[in-house]
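Below is one structure, written out as structure tokens; the observations come after it.
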Amino acid sequence: MPKSIVFSEHEKNKESKIIHCELLPVPYQSLDMDGNILEVNQLWLKTLGYSREEIIGTSFVDIIYPEDIESFNAKFSALQHRGTVLGVKFRIFNKNGTIIWFSFEGTCEEHAEDGSRQIHCLLFNITEQKTTEERLRESENKFFLAFDASPDAININRLEDGLYIDVNKGFTELTGFTKDDIFEKTSLDINIWHDPLDRQRLVQSLQREGVCENIEVKFRKKDGSVTTTLMSAKIISLENTPHILSITRDISKLRAAERQILEQNILFETMFNAIDDGVVITDTDRKILYANKGMEKTFGYLPEELRGKTTKILYAASDAYQTAGKRIFGKDAQQEDKVYVTSYKHRSGKEFPGETFGVKLYDQNDKWIGNLGVMRDVSKRMERKAERDRLIAAIEQTRDAIVITDKDAKIKYVNPAFEIISGYTSEEVFDKNPRILKSDEQDASFYQDLWQTLNSGQTFKGRMVNKRKDGDFFTEEATISPVFDPEGQLVHFIAVKRDITEQISLESQLQQAQKMEAVGRLTGGVAHDFNNILGVIIGYTEMALEDVDPKDNLYGLLGKILNAAERSATIVRQLLAFSRKQTISPKVIDLNSAVANMLQMLHRLIGENIDLTWVPDSDTLIIKIDPSQIDQILANLCVNAKDSITGSGNIIIETARVTFDQEYCADHFGFYPGEFIQLSVSDNGCGIDKENQEHIFEPFFTTKGLGDGTGLGLSMVYGIVKQNGGFINLYSEPNKGTTFKLYFPSCDEENRKTGKVITSSNRKSWGETILLVEDDLTVLAMTQKMLEKIGYSILPASRPSEAIQIAEDYSGDIDLVFTDVVMPEMTGKEMAERIKPLYPNVSVLFTSGYTANVIAHNGILDEGVQFIQKPFSLDQLAHTLQSILS
Numbered sequence: 092m093p094k095s096i097v098f099s100e101h102e103k104n105k106e107s108k109i110i111h112c113e114l115l116p117v118p119y120q121s122l123d124m125d126g127n128i129l130e131v132n133q134l135w136l137k138t139l140g141y142s143r144e145e146i147i148g149t150s151f152v153d154i155i156y157p158e159d160i161e162s163f164n165a166k167f168s169a170l171q172h173r174g175t176v177l178g179v180k181f182r183i184f185n186k187n188g189t190i191i192w193f194s195f196e197g198t199c200e201e202h203a204e205d206g207s208r209q210i211h212c213l214l215f216n217i218t219e220q221k222t223t224e225e226r227l228r229e230s231e232n233k234f235f236l237a238f239d240a241s242p243d244a245i246n247i248n249r250l251e252d253g254l255y256i257d258v259n260k261g262f263t264e265l266t267g268f269t270k271d272d273i274f275e276k277t278s279l280d281i282n283i284w285h286d287p288l289d290r291q292r293l294v295q296s297l298q299r300e301g302v303c304e305n306i307e308v309k310f311r312k313k314d315g316s317v318t319t320t321l322m323s324a325k326i327i328s329l330e331n332t333p334h335i336l337s338i339t340r341d342i343s344k345l346r347a348a349e350r351q352i353l354e355q356n357i358l359f360e361t362m363f364n365a366i367d368d369g370v371v372i373t374d375t376d377r378k379i380l381y382a383n384k385g386m387e388k389t390f391g392y393l394p395e396e397l398r399g400k401t402t403k404i405l406y407a408a409s410d411a412y413q414t415a416g417k418r419i420f421g422k423d424a425q426q427e428d429k430v431y432v433t434s435y436k437h438r439s440g441k442e443f444p445g446e447t448f449g450v451k452l453y454d455q456n457d458k459w460i461g462n463l464g465v466m467r468d469v470s471k472r473m474e475r476k477a478e479r480d481r482l483i484a485a486i487e488q489t490r491d492a493i494v495i496t497d498k499d500a501k502i503k504y505v506n507p508a509f510e511i512i513s514g515y516t517s518e519e520v521f522d523k524n525p526r527i528l529k530s531d532e533q534d535a536s537f538y539q540d541l542w543q544t545l546n547s548g549q550t551f552k553g554r555m556v557n558k559r560k561d562g563d564f565f566t567e568e569a570t571i572s573p574v575f576d577p578e579g580q581l582v583h584f585i586a587v588k589r590d591i592t593e594q595i596s597l598e599s600q601l602q603q604a605q606k607m608e609a610v611g612r613l614t615g616g617v618a619h620d621f622n623n624i625l626g627v628i629i630g631y632t633e634m635a636l637e638d639v640d641p642k643d644n645l646y647g648l649l650g651k652i653l654n655a656a657e658r659s660a661t662i663v664r665q666l667l668a669f670s671r672k673q674t675i676s677p678k679v680i681d682l683n684s685a686v687a688n689m690l691q692m693l694h695r696l697i698g699e700n701i702d703l704t705w706v707p708d709s710d711t712l713i714i715k716i717d718p719s720q721i722d723q724i725l726a727n728l729c730v731n732a733k734d735s736i737t738g739s740g741n742i743i744i745e746t747a748r749v750t751f752d753q754e755y756c757a758d759h760f761g762f763y764p765g766e767f768i769q770l771s772v773s774d775n776g777c778g779i780d781k782e783n784q785e786h787i788f789e790p791f792f793t794t795k796g797l798g799d800g801t802g803l804g805l806s807m808v809y810g811i812v813k814q815n816g817g818f819i820n821l822y823s824e825p826n827k828g829t830t831f832k833l834y835f836p837s838c839d840e841e842n843r844k845t846g847k848v849i850t851s852s853n854r855k856s857w858g859e860t861i862l863l864v865e866d867d868l869t870v871l872a873m874t875q876k877m878l879e880k881i882g883y884s885i886l887p888a889s890r891p892s893e894a895i896q897i898a899e900d901y902s903g904d905i906d907l908v909f910t911d912v913v914m915p916e917m918t919g920k921e922m923a924e925r926i927k928p929l930y931p932n933v934s935v936l937f938t939s940g941y942t943a944n945v946i947a948h949n950g951i952l953d954e955g956v957q958f959i960q961k962p963f964s965l966d967q968l969a970h971t972l973q974s975i976l977s
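If you want our numbering, it's the 1-based position in the sequence shown plus 91.
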């Protein structure tokens, strides 16, 4: 390969120069003194991908990699002054943008004819060489990163003279020698070898095989102390020079531990017969060499009776003998697994559970010479454990919350019921004071009485209002007792607490029902007597009108008296309806037909700006009722719905056949089991708040302005429903709307549907996990209880944000999200859309006190989604979930 270019005289002409350049084995180019390209050979064009027309006359610098231009310009300037430059390395872009590394050699030539100068250049492609160098550099970098990070001592010595080239941090920590200490020194110079024979073994192995693996050597540290190490070494090449790479691990602690084990074995043998438990020492085949006196107490055998026999005689079954032998005393056994429990057999034949400590024994040369086994009868301990497990299971599964604190009232344990009731996890309350539940509903004197009782050693019993994690209040009955140790010192407090919020709610419902019944009786009696008085007033007024001239002023006054009396009579009829003393003529009617006959009149009542939607059940729905009462119910409910709507709105009337079972009715006061016909009236008006819902059926209670209502419309509806053996349910959310559901006993024996009856035997689940979301805590607790009863695993949440957090944190699979539709923070649909990406295969079941038609009509849910309407029975819920999850 030429290192410079000089043309002979006979090559001076241009044609001969071109021929000569084309014969060159490398890319060639000629440049003028400004660096512009004058000529290139075909190999140059092929290598860089340009055509001759594209490149001739352009500046060579234009295709040089930007970062290399400055360096190239300096070399180019030197070439112009010196006449020759060799080995200039830089990068060039080929036509498609690929970077190619070249080594540049150039010669400056002056033409005799005109004195002009030009530069002849050869370009040597060194891309592959550069790639190899880069990979080598990366490999070396990785090596030195591992070198520095290794916890083992690593040192590199030159093979030729043994001088230390480098050591890592592990070497410094192991030996105490710093890099400055070993600079330009050998291992002999720093006197690191405690035993010269160790170095000799290392050198001989390297000379013979080029490698030495896991030889145990003793190093003398800088401070003079000696440590035991495990060393491996290998001859490697660094920059084409042989070096020794040594890796050394400190095993002094390991050897010390082995010596300690041996000392313990000797100690065991010395104390052999002082141990109450059964102890044996066997050979490697598990034949008993020694047995202590404890073996007679544990197994009934004298020590001499066991010598020479295998330990198989002690096991209740040969399988247990083989399993223990493989796990504890096999060749591949892990000595960390030293304790196990198995079934043993006493000499009398009685079997008993035994706990065994088993360990292999080694001599000073680390040779396995036998086994040590210490066996203890744990029958009584297992019985106590079983009793404790039963107690723990009872505590874990009870519905009452149990809290155990230390003597300073720091919580040390809570059971799952506490987590469900309070919303706090056991981790969140550990070491906290129970005051985290404090609601400030009790005054200071309440807590003073509580602590005075406990500090006197007595048990406190009482009712208190506490606060859940989410801020909601709940009422609990608590029994708190101090716990003393055998010396009489106070060590713990234990509290058993029952959430009675739902019980109080049911009591409130009972009191409300009793109040309504009392008001009804009182109202009925008063209305009856008042009706008689009105009859007298109306009668005498009508007779007086006949005797007075219509032109007389008295005639007008009597007319006003008659109008007032007739309006009063209307109110009395409504009071009688509420008190269920209204005179009625019940008939067996089809509810769908009765409602359909009222639609035209209802349209007139509510006006044109409100849409009335009629959604009858496809079945014939037969009930026994005075038809006029259906008219009264619909008129009152629709007028109330109209009054709740500002501007335009929607009213939906629906009918359906429903069934309530015993379990559902147990949690809903006033309901009783059976098949019922449901009539519901829903609107999307202003809704009714919780406080007003408690009084909505009371006579004369109204939320309308003065003169806009008597407060008897809903009372009359309530009375009609009760008079006909039914019950009524109200579901409403402020600014969302209201649904009234009326249930009448079904009289349709012949047309009753014969759907599948779900019994306790076929309502069970497969243990799927359900994320249950309901903002009404009473409904949440009831629904969770229903779902758990039929075998589902429940993740309860009282708010959408809490449900989303549970979904993000839960490590298992969630099979179904069962959620209320209308909730604070966001709707059930919006929440489900945020959970879906976390569990793509999860099913969703929505529920609401509103009917499915109302929900779909208001755009809260899409039509066709899985939906179950409140209230629902356990059978309905089980059937719906099975149809979704199957």
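A virtual CB, placed ideally from N, CA and C, is assigned to each residue, including glycine.
### Message
In this structure, how does DSSP classify Lys961 when only helix, strand and coil are distinguished?
### Response
coil
### Query
Excluding five sequence neighbours on each side, which residues of the same chain lie with their C-beta closer than 7 angstroms to the C-beta of Thr874?
Leu863, Glu865
### Task
Determine the burial state of Gly1019: buried for a count of at least 16 other Cβ atoms within 10 Å of its Cβ, exposed for fewer.
What is shown of the chain runs 92 to 977, which leaves residue 1019 out entirely.
#### Entry: Cβ-based neighbour list, Val152, same chain, cut-off 8 angstroms, excluding 5 preceding and 5 following
Closer than 8 angstroms at the Cβ level, and outside the excluded window around Val152, lie Gly126, Ile160, Phe163, Asn164.
### Query
Straight-line CA distance for Leu696 to Leu770?
19 angstroms
### Task
Buried or exposed for Val131, please, with buried defined as at least 16 other CB atoms from any protein chain shown within 10 angstroms of its CB.
buried
### Message
Can you tell me where the alpha helix (DSSP H) holding Ile48 begins and where it ends?
### Response
Because the chain spans 92 through 977 in this model, residue 48 falls outside it and cannot be assessed.
### Trp192: first and last residue of the uninterrupted alpha helix (DSSP H) it sits in
Unbroken run through Trp192 is the beta strand (DSSP E), 190-201; no alpha helix (DSSP H).
### Message
Suppose the cutoff is 8 angstroms on Cβ atoms and the five residues either side in sequence are ignored; what does the same chain contact list for Gly399 look like?
### Response
Lys378, Ile379
### Query
Between Lys560 and the rest of its own chain, which residues show a CB-CB distance below 7 angstroms, the 5 nearest in sequence each way excluded?
Cβ neighbours of Lys560 beyond the five flanking positions: Ser513, Gly514, Tyr515.
### Task
Can you grab the Cα-Cα spacing for the pair Lys529 / Val469, in whole Å?
46 angstroms
### Task
Scan the region 748-790 and note each continuous beta strand (DSSP E) run of 3 residues or more that stays entirely inside, going in chain order.
765-774
### Task
Please confirm whether Ala500 and Asn524 have their CB atoms less than 8 angstroms apart.
Cβ distance < 8 angstroms, so Ala500 and Asn524 count as in contact.
### Task
Return helix, strand or coil for Lys876, following the three-state DSSP convention.
helix
### Task
Look up Glu824 in the DSSP assignment and give the residues it is bridged to.
Gly828
#### Entry: Secondary structure, beta strand (DSSP E): runs of 3+ residues fully inside the region 447-477
459-468
### Query
What number of angstroms, rounded off, separates the C-alpha of Pro887 from the C-alpha of Pro928?
20 angstroms
### Query
Mind pulling the beta strand (DSSP E) runs of 3 or more residues that sit fully within the region 349-400?
369-373, 379-382
### Query
In terms of residues, what are the limits of the beta strand (DSSP E) holding Pro887?
884-888
#### Entry: Own chain, CB closer than 6 angstroms to Cys838, minus 5 neighbours either side, in chain order
Val679, Ile713, Ile714, Lys715
#### Entry: CB-CB length for Glu200 against His211, believed under 8 angstroms
The C-beta separation of Glu200 from His211 comes to about 6 angstroms, placing the pair in contact by the 8 angstroms criterion.
### Task
Let me know if Phe751 comes out buried or exposed under the rule of 16 or more other beta-carbons within 10 Å of its beta-carbon.
buried
#### Entry: Gly440 burial status per 10 Å Cβ neighbour count (16 or more: buried)
With fewer than 16 other Cβ atoms from the protein chains shown falling within 10 Å of its own Cβ, Gly440 counts as exposed.
### Query
Leaving out the 5 sequence neighbours to the left and right, which residues in its chain are closer than 6 angstroms to Asp289 when beta-carbon positions are compared?
Val308
### Query
Does the region 686-703 touch the region 756-766, meaning 3 or more C-beta pairs lie closer than 8 angstroms?
no
### Message
With three or more C-beta pairs closer than 8 angstroms as the rule, is the region 246-260 touching the region 219-234?
### Response
no
### 8 angstroms Cβ cutoff met for Lys313 and Asp272
yes
### Task
Just grab the DSSP bridge partners of Asn216 for me.
Phe193
### Query
Which term fits Lys186, buried or exposed, when burial requires 16 or more other beta carbons within 10 angstroms of its beta carbon?
exposed
### Message
Less than 8 angstroms between the C-beta atoms of Ala244 and Phe268, yes or no?
### Response
no
### Query
For Asn683, does the three-state DSSP call read helix, strand or coil?
The answer is helix: DSSP assigns Asn683 an H, G or I state.
### Task
Could you tell me if Ala324 is buried or exposed, where buried requires 16 or more neighbouring beta carbons within 10 angstroms of its beta carbon?
Counting Cβ neighbours within 10 Å, Ala324 comes out buried, since at least 16 surround it.
### Beta-carbon gap between His334 and Ile281 smaller than 8 angstroms
no
### Task
Please list, in chain order, all residues of the same chain as Tyr381 whose beta carbon is under 6 angstroms from its beta carbon, the five residues on each side excluded.
Excluding residues within five positions, the ones whose Cβ falls inside 6 angstroms are Ile372.
### Message
If contact is defined by three or more beta carbon pairs under 8 angstroms, each pair taking one atom from either stretch, is the region 772-788 in contact with the region 821-834?
### Response
Because the criterion of three Cβ pairs below 8 angstroms is met, the region 821-834 and the region 772-788 touch.
### Task
Reducing DSSP to helix, strand and coil, say where Gln982 ends up.
As displayed, the chain neither begins before 92 nor continues past 977, which places residue 982 out of reach and without an answer.
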